[in-house]
Amino acid sequence: MNVISYLRVSGQGQVEGDGFDRQAEAIDKFCTANGLCITEILQEEGVSGTIDGLDRPVLSKILTNDCPGQGNPTIVVERLDRLARDLMVQELILKECRERGIKVFSADQAGAVDVASNDGDPTRVLIRQIMGALSQWEKSVIVKKLKAARQRKKDLTGACEGRKRFGSTNLEQKKILLRILEMRDVGFQAQQIKMALDAEGFLTSKGRPMARSFIGMICRRHRGPSGEKLKGREPTMNF
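Dropping the structure here:
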């Protein structure tokens, strides 16, 4: 069985956080308990759960069966809200999976139950849709609370800034950022940069090694003056 661990965070600021690690751990435990062997781990970075499946770079790759492995893939998610936060989007994605013969397992379920399958059981469909509706409601509540909090801060201080970009104020982060860009500009790929940073002892603010996906996001976000990768001397790699 071609089992794919599908991870998703909705904001670029969450890429550096523990969202991916938490999801991967829950999926690993679920697969171990149900005798499933993960063949591939795919991460959707900074993609909202309200976007249709075929409009997501990673999920569309799974839906079109453009992944290694034999036969139709099986998707495992931490919870169904990692598949979609919007009920209609969730149901459309599950419909796509069902029509393409792709099974979907959710790690918060008691067993390996294909949540994409209607299986002629209206109760199962009802429960799935109720959970999807609750997830959508929860998302709306969070958005409303954040909006109210930003407005209160603006009323008190006259300004309300969002999350600052990595390296914009913190000196240690700025050092890491410059080191990443130095290696990026001479052609190093994200995995090579990660290996160098690990060897040199650079860690995140939470004391963990830098994630390859986060390094890749930084490389894409920051460009040289011409918008192209810069050429220069090869950086020193202190292994």
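FYI, numbering that gives the first Met the number 0 numbers position 180 of the sequence shown as 179, with every residue one higher than the one before it.
Backbone N, C-alpha and C fix where the C-beta goes; we use that ideal spot for every residue, glycine too.
Item: Cα-Cα, which of ARG164, ALA198 and GLU199 is closest to MET216?; Value: ARG164
Item: If the criterion is Cβ atoms closer than 8 Å, does the pair ASN71 and ARG99 meet it?; Value: yes
Item: Locate the beta strand (DSSP E) running through PRO208, then write down its first and last residues.; Value: Premise fails: PRO208 is in no beta strand (DSSP E) and is neither H nor E.
Item: Go through the region 102-183 residue by residue and report every complete run of the beta strand (DSSP E) that reaches 3 residues or more, in order.; Value: 102-105
Item: In or out: THR73 buried (at least 16 other Cβ within 10 Å) or exposed?; Value: buried
Item: What did DSSP end up calling GLU43 once you bin it into helix, strand or coil?; Value: strand
Item: Output yes or no for whether 8 Å exceeds the beta carbon distance between CYS36 and VAL75.; Value: no
Item: Just verifying my parser: in three-state terms, what is the DSSP assignment at THR63?; Value: coil
Item: Quick check: the region 50-59 against the region 126-146, are there 3 or more CB pairs under 8 Å?; Value: no
Item: By Cβ distance below 6 Å, which residues in the same chain neighbour MET236 in space, the five residues on each side in sequence not counted?; Value: Per-residue confidence for MET236 stands at a pLDDT of 39, beneath the threshold of 50, marking its modelled position as unreliable; no derived number is given.
Item: Would you kindly check if the distance between the Cβ of ALA106 and the Cβ of GLU77 is under 8 Å?; Value: yes
Item: Please identify the residue among LEU82, HIS221, LEU202 and LYS193 whose C-alpha is closest to the C-alpha of GLN135.; Value: LEU82
Item: Tell me the residue span of the alpha helix (DSSP H) that contains ILE50.; Value: Run containing ILE50: none; DSSP gives neither H nor E here.
Item: Looking at ASN1 and THR38, is the spacing between their C-beta atoms short of 8 Å?; Value: yes
Item: By Cβ distance below 8 Å, which residues in the same chain neighbour ASP197 in space, the five residues on each side in sequence not counted?; Value: PRO208 and MET209
Item: Closest to LEU93 by C-alpha separation, out of ALA109, ILE61, GLY110 and ASP65, would be which residue?; Value: ILE61
Item: Which residues in the same chain have their Cβ closer than 6 Å to the Cβ of GLN191, if we skip the five residues on either side of it in sequence?; Value: none
Item: Which same chain residues end up closer than 8 Å to LYS193 when comparing Cβ atoms and leaving out the 5 residues on each side of it in sequence?; Value: PRO208, MET209, ALA210, ARG211 and ILE214
Item: SER4: buried (16+ other C-beta within 10 angstroms of its C-beta) or exposed?; Value: buried
Item: Compute the Euclidean distance between the alpha carbons of GLU199 and MET182, then round it to the nearest angstrom.; Value: 13 Å
Item: Taking VAL8 as part of the beta strand (DSSP E), name the residues at either end of that continuous run.; Value: 1-8
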